[in-house]
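Read through the structure below, which is laid out as structure tokens, and then see the notes.
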Amino acid sequence: MCTLRIMKDLLDTLLAPLARLLVARGILFPDLAERLKMHYVEAAKSQTEGKITDSRLSVLTGLQRRDITRIRAVEHKESRPNHLARLIALWQTEPAYQADGRARDLPKNGAAPSFEALAREVRRDVHPRTMLDTLLATGTVTLVAETQTIRLAQTSYQPLAGSEDQLAYLTQNLGDHMDAATENVLGQNPPHFERAVHYTELTEAQIAELEAHHRKAQMAVFEEVSRKAAAFKKAGRGTHRFRAGGYFYRTKEENP
């Protein structure tokens, strides 16, 4: 009974913010139910030994066999990486776009090193001006009026609130975090690194000070890891990937 109660608490904790997001974005419940059926089938397949049959999957998931057959016939495509995030990463790691170890200001157009050349290195099917307009709108880059060059203002691409790019980040970040936490619970060995610090009964000013410290420290770690990963990638191609993240959540306590 204890495990059942904990799992119900887990569902409430995970599904409450998800439901808010889906309703806000106009996603109806039948769409959620259909996606959930698909992932139940995938989870059952991954945990089934021997021959995988529709009947076996139906027993494990509680879904009808006709649903199992239909879901298994659908091809699921992998999502593409974000090209603007890759552009910013290359700008900070490729020697041609560096000056004294930092991302240099780039002419808008022309041969490399220029913003146009960098953009075309990332995607040839998206116009460099389209990429530039998006990065300017999000504050990731700025236009230096005196020299008419593009300057990197942020060390990472931060999409506009509510944009498709932001939703893609939400998908990737929460997905990998949830995978890591789930595999830890299921006994992954060695376990994924997953830590958090939490305190209650602090003032708003104290929380603000801690958040500023956390942001600065996290960004320093992210930039160092990114530089090292870029150097590794240049040395040779491997078959593994990673995602490292951190978060800081603040809210007012209802019952301190």
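Residue 28 in the working numbering sits at position 28 of the sequence shown, and the numbers go up by one each step. Where a beta carbon is used, it is the ideal one built from N, C-alpha and C, also for glycine.
The Cβ-Cβ distance between I71 and D54 does not fall below 7 angstroms.
For V122, the enclosing alpha helix (DSSP H) covers residues F115 to V122.
Here T171 is actually not in contact with A153; their C-beta atoms are around 25 angstroms apart, not less than 8 angstroms. Taking A229 as the centre and dropping the five residues before and after it, the same chain places the C-beta of F242 closer than 8 angstroms to its C-beta, in chain order.
Per DSSP, the beta bridge partners of L143 are I150. Taking one beta carbon from each stretch, the region 113 to 125 and the region 83 to 94 have 3 or more pairs nearer than 8 angstroms; the two touch.
Non-local beta-carbon contacts of E223 in its own chain, meaning distances under 7 angstroms to residues more than five positions away in sequence, involve T155 in chain order. The alpha-carbon of H192 is positioned some 42 angstroms away from that of P107. Residue range P128 to T138 is occupied by the alpha helix (DSSP H) that includes D133. Runs of the alpha helix (DSSP H) lying entirely within the region 16 to 74 and spanning at least 4 residues, in chain order: 29 to 46, 54 to 61 and 65 to 72.
Just measuring C-alpha positions, the residue of H240, R66, T251 and A217 sitting nearest A205 is T251. In the DSSP secondary-structure assignment, L106 is bridged to I150. With a contact defined as Cβ atoms closer than 8 angstroms, V122 and H83 qualify at about 5 angstroms.
Residue state for A231 is assigned as helix, using DSSP reduced to three classes. Counting every other CB atom within 10 Å of its CB across the protein chains shown gives Y97 a total of 16 or more, marking it as buried.
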